[in-house]
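Just below is one structure, and these are the notes that go with it.
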Amino acid sequence: MIKHVLFLAVLFCGYTSFAQEYIPKNDGVKTATSHYTALQNATIHLSPTEVIENGTLVFKDGKIVSVGTSVNIPKNSLVIDATGKTIYPSFIDIYSTFGVKQPEKNSSNSRTPQYDASREGYYWNDHIRPDQNAIDYLDYDLKKAKALQKAGFGVVNSHIDDGIIRGTGILLALNNEGNASNRILEAQSVQYSGTSKSKTSKQAYPTSLMGALALLRQVHLDADWYAKGLSTEKDRALEALLANKNKVQIIEAGSKLNALRLDNVGDEYNTQYVIVGGGDEYEAIKDIKATQAQFIIPIDFTDAYDMEDPFLARSVELSDLRQWNQQPHNPRILAENNIEFALSTYKLKKEASFLPNLIKAIEAGLPKDKALAALTTIPAGIIGKSNTLGSLKTGAYANFLVTSGDIFDKKTTIYENWITGVKNELETAPKDVRGEYAFNLENEKYTLKISGTLEKLKAKVKTDSTTLGTKLNVNNDWLQLTFSTIDTTKQEFIRVVSNLTDSKILSGKAYFPNGKTLAFNAEKQISDTKEDSKIEDENDDDDDDDDDDDETPSKLNPFHPVTYPNLAYGFETLPKQEILLFKNVTVWTNEKEGILKHTDVLIKNGKIAKIGTNLSDRNAQTIDGTGKHLTAGIIDEHSHIATSSVNESGHNSTAEVSIEDVLNPDDINIYRNLAGGVTSIQVLHGSANPIGGRSAIIKLKWGESAKNLINPHAPKSIKFALGENVKQSNWGDAAKTRFPQTRMGVEQVYIDYFQRAKEYEVLKARGKPFRKDIEMETLVEIINKERFITCHSYVQSEINMLMKVAEQFNFNINTFTHILEGYKLADKMVEHGVGGSTFSDWWAYKYEVNDAIPYNAAIMHNNGVTVAINSDDGEMSRRLNQEAAKAVKYGDVSEEDAWKFVTLNPAKLLHISDRVGSIKVGKDADMVLWSDHPLSIYAKAEKTIIEGVTYFDINRDKQLRATISKEKNELTTLMLQAKNKGLKTKPIAKKEKAHFHCDSNF
Amino acid sequence: MTLLKYKLLGVALFFSTILLAQQTPAPKQTQAISIEGGTAHIGNGEVIDNALIIFTEGKLTFVGSALTETARQGTIINAKGKHIYPGFIAPNSTLGLVEIDAVRATEDQDEVGKMNPHIRSIIAYNTESKVVESMRINGVLMGQITPRGGRISGTSSVVQFDAWNWEDAVIKEDDGIHLNWPNPFSRGRWWLGEPATLKENKEYNNQVDELTTYFNENAVYQIGKNTSRHLPFEALNGVVTGKKTLYVHVDNEKGITDAINFKTANNIKKLVIVGGNEAHLVSNLLVKHNIPVLLQRVHSRPNNDDDDYDLPFTLANRLVKDGVLVGLENSGGMERMNTRNLPFLAGTCAAYGLDKEKALSLITLNTAKILGIDDTVGSLEVGKDATFFISEGDALDMRTNKIDKAYIQGRDVILKSHQTELYERYSNKYKDNN
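Those protein sequence lines, which keep their order, are chains A and B. Using full-length UniProt numbering, the first residue of the first sequence is number 1, and each one after it goes up by one. Using full-length UniProt numbering, the first residue of the second sequence is number 1, and each one after it goes up by one.
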């Protein structure tokens, strides 16, 4: 019987306001009720900017009927007195995975790479999944919902966190009492995307971030084409993508760099993404602002590192220390820059840390109204639900929080989280029993003092002479008190249970150790009934005070300034162009003038203005070059620094991918290369496939954004590769299925692709609709001599082959890079007109470099090939002057010519020699001041200048070392203090730096 | 110069018929040779301008000023304007153990097993390696051939680089045992989805204990009555008797400190730190215990973004200033072919603050002392092997490192290689075409 009653009770409270009239009922009579609920006398935050005092909120059937200070409460209203309480709109998280069953990892153990899609009738790539709908994977988790409710959330927009395009999300009310029929507020809201592959598929492409970006571009082109009815086959993924086209598009970037990358990509197909950020937006706030995107921002602020072990602490880098200090300021900085952002539980390990972190952000200066907006009106606006979510107004969902006060105050409690008019009780408002009481038991006089916060009460029972060990527990209307007997040596306790019906008297029973029970009456002492004010426990002389430091608001440490980039050796303000006059220096012109001694060089407006003797300029900063050498900046034809990916190895041709998409301006190797006199580099795709990706020709403008590193005057360029890497010789026995596996196959790959490119061009020229293919567009550029090939190469047979293939299609290979057997066919190279960019002395690491010789550069040079010496290595690139010197040692190249191997010749190969590569009036002021003969091992770069800006200065470097050390010590001290305060710290995990070269698979 | 070219051409024509054969080891020195007028860099910090060097039967018999009144013996070579250096020594090297990195069949450096003190590199050392012969052209004439892998990799031997077979090559057989010290950091297993970061290695203490136990068991084995022989312990015990050096490969401050304490606790006679990336942070301790360091590849990047960009270039200087005995080693990626750049590692140390002659010691006398072969090699001193070379200029600078002559134990070594032959052959190809 009782069971039935309980069951009914559950039904009632769950469904009263939602029971649908059309649902048949077989377990009793129809009981649908519909009444108004009114909360009155509350402080109500209608929206982030409007607050009313003594307000009333009336709602019915899950929606707000009226709200205000003079509201008529209908007669059939359940009226709740909310005096002293504060009401806020419930929070909204629009980047959630709650309530949606996430896909499981494909557990196939096959080590053979999968190149084709697993699904039939969908897009050719498994990682494009716009056809997924989160609603098909509902998996409502009551416990998790409760955790979200406690963090203040009422509604989440949830999605399948899997794949590059992830399909539609679902707008869910966190209504634990209801069921799917009333939790789902919208079934297919928003389309989600990201850059990570689907766990469900092992299809190889894309293996890299740049592949993912290229795929996003191509799939949107394919959708346009499909929409025109040009496909002969059915593709459910493209159909879904088209169907989702007009939805809001949310994309997971996860970092500032990815945010900028994805915004660029979206622009190309007219999509303004809402970007899920990384919490590091403050590091590049101007660029972030320029995206004009709305953001969803995580607040998973990092804990302080545990710095107590100095051995381990040493591996923590300045950037990590700063991150801890700066991250809480990210929301403030976004707000100050008027960037519209929503906050999310994204990246948070525990929902419970959401509010504490938010409070940290507020302590860091985020205005409270902005914080509230980021959790209510802005996310509601982003998903187009401003009318029904995010603010408390007539017609909106009755989603609101009832709190003890300012929700952004640590001491505030959220009592209730009402979602679609259903109450979710989180904490009962405890009765305030604080005060001093007196009672007698067995002729002994006792006093009881209850203090602390409502959530954490403290109690102390005393007699005249002794303080007794005391424990207090208040639960709803009951109080339990345990204290030791007066003879404390006995370890015996008196227990008291009292009902809390009267605010002045505690009355109940006392249980003695011997089993005796007595009536218990404790009267509140009048002198101490200070309403609302906290009772000071100044004479609280003992133990359990440890958790009391929340009495003093914790102060955030002062904000450490952001540098550009935001790591060691970054600039606090970007350096400016200067007018510089080098006096009495030895100038390596790389021009017919040769090496000029005792010469002056004037730099103005970023250009070389004058070369001569006795030059002067009133505005110039003069640099004494006596005994020193001035050269053009070093140019590295083959580099893999300053990039977040190197290889897209998922296909044998990946002409659609571009290093320009994934440049990483925060790479310390940029600075270290500057310190080695390098000013320009070609960042190349790796050598995983015959047709690799497009390159980025950049200048090492340390501190600038990725976009500003790119040399706008450089032509288009692409990486090809030959030999063991493209035929996967050293990839293990599992990798034996991709074509080509032999050099014979490599030739056919090229002929096939170029033939198709020609056919594609013909198709385009016909003027009829066609499927735009980025890969083919790139290859057409090559055939039309608008894009230059740098080809990774070792063995003469294949080098010869590629030249013949190119000739067959009437274009030239621009550069063979590595070209270790170039010396064997220098004559053919000259005939073809291709340059050679080689290693000085590498060999013996693979079978195909067994005939590599350090005399290669000399032989090619002697026979008329334009020769460069490159690094392919972030360490060696900072000593390229020494590598050039090896051409003097091996093969007797003249010093002047050897120097050109790392300056003018690579400039020629990159087609930028009209601006860089030599010291000539009118050229870019990209130059290096050396302490010694630049080919000597004893030479150090003292100044490295790009376009008149000194990006490296050996004296400034010295100062920076001191500054870095000082800042690290300060932050370390703060972290140690954090640990001593009892704040959470985390163990040290040193990031291993990936050092990229050709074979790096990212 | 032009004369030399003609000579080269002649030699090239000769060799073009027998290409791809390895270079034939030079015959024993049969008559005395006197080298006069060059600048002799002794290896111990001293320099003799206008020097006279005389050697017979493979040994140096005179090293001094050419102004000294001494009879020149045998062939007289005029080295005016040139520089003479003791042969460079490459410690902790896998030369001759692997020919081509990517071809598994050519790999003989890393044996299965954790505790392999009995594994001997010398018998796998390939005197016919094309990579080894390419060392000599840059003045690298000797090396310590060292196995890799495991906790105890095995036993190394020191060889010279011009020999018919490994027995001929030996300078010091089984000179030491190589131990890879446990790392206080461990790395996330990224292939299991863990972040690829370094973190505190919770197993560190156990791993150190395991070593202690191993050495304790050896001590017991040595005094006990054993019915069966324990090959690893018999090999290992040399580090206790002093017959062998214990080379501890370790980079970090904590590991180095623990290794030094381990030496004392286990009565190890001679210990050398190999790698020593953070050795400069414990140089006092190293000096106190008289522990030398074979310092990691100078041409490498700092580990940490915050480090001085030139930190690896300045480490040797810091250690030398503090009084530590330092040699340079070159292990790491593509280490074998790259070993010919050993002189330039020393050159870089000189560029970043170290005196040039002291920098030279890092790859000559210091290394010889550390390997325990300084009685016969490492410097240009009377009584030592005539293992040295003549360079046209400063051999620590690639700009001027050009070697005319090299002698190993007095033998006039052929300065040709697979690579120079290809150079000559293809240079001629184009000459013939023109």
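Every residue gets a Cβ at the ideal spot worked out from N, C-alpha and C, and that includes glycine.
field: Segments of 3+ residues assigned as beta strand (DSSP E) that fall wholly inside the stretch 756-821 of chain A
entry: 787-793 and 815-818
message: For a minimum of 4 consecutive residues, which ranges assigned as the alpha helix (DSSP H) are wholly contained in the stretch 647-721 of chain A?
response: 668-674 and 706-709
field: For Val248 of chain A and Asp309 of chain A, the rounded distance between their alpha carbons
entry: Per the coordinates, the alpha-carbon of Asp309 of chain A lies some 49 Å from the alpha-carbon of Val248 of chain A.
task: Consult DSSP for Gly731 of chain A and reduce its assignment to one of helix, strand or coil.
output: The sequence shown places Trp at residue 731 of chain A, not Gly. Coil.
field: Short-range partners of chain A found in the stretch 413-425 of chain B, where Cβ spacing is below 7 Å
entry: Gln419, Leu422 and Tyr423
field: Beta-carbon proximity list for Thr412 of chain A, same chain, < 7 Å, skipping 5 on both sides
entry: Beyond the five residues adjoining it in sequence on each side, Thr412 of chain A comes within less than 7 Å, by CB distance, of Thr403, Ser404, Gly405 and Asp406 in the same chain, given in chain order.
message: Please report the straight-line C-alpha distance between Glu111 of chain B and Gly347 of chain B, rounded to a whole angstrom.
response: 34 Å
- prompt: Taking Cβ positions only, does Ser283 of chain B come closer than 9 Å to chain A?
  reply: no
- prompt: For a contact meaning CB atoms closer than 8 Å, what does Phe344 of chain B contact in chain A?
  reply: Gln882 and Ile937
- request: Could you have a look at Trp181 of chain B and say whether DSSP puts it in helix, strand or coil?
  value: coil
query: At a Cβ threshold of 9 Å, is Lys82 of chain B touching chain A?
result: no
field: Span separating the alpha-carbon of Tyr415 of chain A from that of Phe512 of chain A
entry: Cα-Cα distance, rounded: 36 Å.
field: Rounded separation between Val239 of chain B and Asp872 of chain A - CA only
entry: Distance from the CA of Val239 of chain B to the CA of Asp872 of chain A, rounded to the nearest whole angstrom, comes to 42 Å.
query: How far does the alpha helix (DSSP H) with Ala857 of chain A in it reach, from first residue to last?
result: Asn856 to Asn862
message: Please state the DSSP three-state secondary structure of Gln419 of chain B.
response: helix
- prompt: In the structure shown, what three-state DSSP assignment does Ala342 of chain A receive?
  reply: strand
Cβ pair Asn566 of chain A, Asp666 of chain A closer than 9 Å: Yes, these two residues count as a Cβ contact at 9 Å.
message: Using DSSP's beta-bridge definition, name the partner residues of Phe55 of chain B.
response: B:Ile33 and B:Leu60
query: If we call anything under 9 Å between Cβ atoms a contact, is Lys393 of chain A one with Val67 of chain A?
result: yes
message: Counting C-beta neighbours from all protein chains within 10 Å, is the total for Ser797 of chain A 16 or more, i.e. buried, or is it exposed?
response: exposed
message: In whole angstroms, give me the CA-to-CA distance for Thr339 of chain B and Val248 of chain B.
response: Put simply, the backbone Cα of Thr339 of chain B is about 21 Å away from that of Val248 of chain B.
task: Select from B:Gln222, B:Val250 and B:Gln144 the residue whose C-alpha is nearest the C-alpha of Pro184 of chain B.
output: B:Val250
query: According to the neighbour-count rule (16 or more other Cβ atoms, all chains shown, within 10 Å of its Cβ), is Ala373 of chain A buried or exposed?
result: buried
query: Using DSSP with H/G/I as helix, E/B as strand and the rest coil, what is Ala173 of chain A?
result: strand
- request: Mind checking which residues open and close the alpha helix (DSSP H) that includes Ser361 of chain B?
  value: Looking at the DSSP string, the run of the alpha helix (DSSP H) that includes Ser361 of chain B is Lys356 to Ser361.
query: In whole angstroms, what is the alpha-carbon distance linking Ile250 of chain A and Tyr273 of chain A?
result: 6 Å
- prompt: How about Pro117 of chain B and Leu285 of chain B: do their beta carbons lie closer than 9 Å?
  reply: Cβ distance not < 9 Å, so Pro117 of chain B and Leu285 of chain B don't count as in contact.
field: Residue(s) in a DSSP beta bridge with Arg148 of chain B
entry: B:Asp110
message: Restricting to Cα atoms, I'd like to know which of A:Ile774, A:Leu779 and A:Lys701 is closest to Ile691 of chain A.
response: The candidate whose alpha carbon is nearest that of Ile691 of chain A is A:Leu779.
field: Cβ-Cβ distance between Ala386 of chain B and Gly58 of chain B below 9 Å
entry: For Ala386 of chain B and Gly58 of chain B, yes; Cβs fall inside 9 Å.
Cβ-based neighbour list, Val805 of chain A, same chain, cut-off 8 Å, excluding 5 preceding and 5 following: Glu747, Tyr750, Ile751 and Phe754
- request: With DSSP as the reference, label Gln748 of chain A as helix, strand or coil.
  value: Taken through DSSP and simplified to helix, strand or coil, Gln748 of chain A comes out as helix.
- prompt: If you check the beta carbons only, do Ile634 of chain A and Val928 of chain A fall under 9 Å apart?
  reply: Yes, the Cβ-Cβ distance between Ile634 of chain A and Val928 of chain A is below 9 Å.
message: Any C-beta of chain B within less than 7 Å: which residues of the stretch 561-577 of chain A qualify?
response: Leu567 and Ala568
field: Whole-angstrom distance between Glu895 of chain A and Glu421 of chain B, CA atom to CA atom
entry: 24 Å
message: What are the residues in the stretch 232-261 of chain B lying within 8 Å of chain A by C-beta distance?
response: Asn252, Glu253 and Lys254
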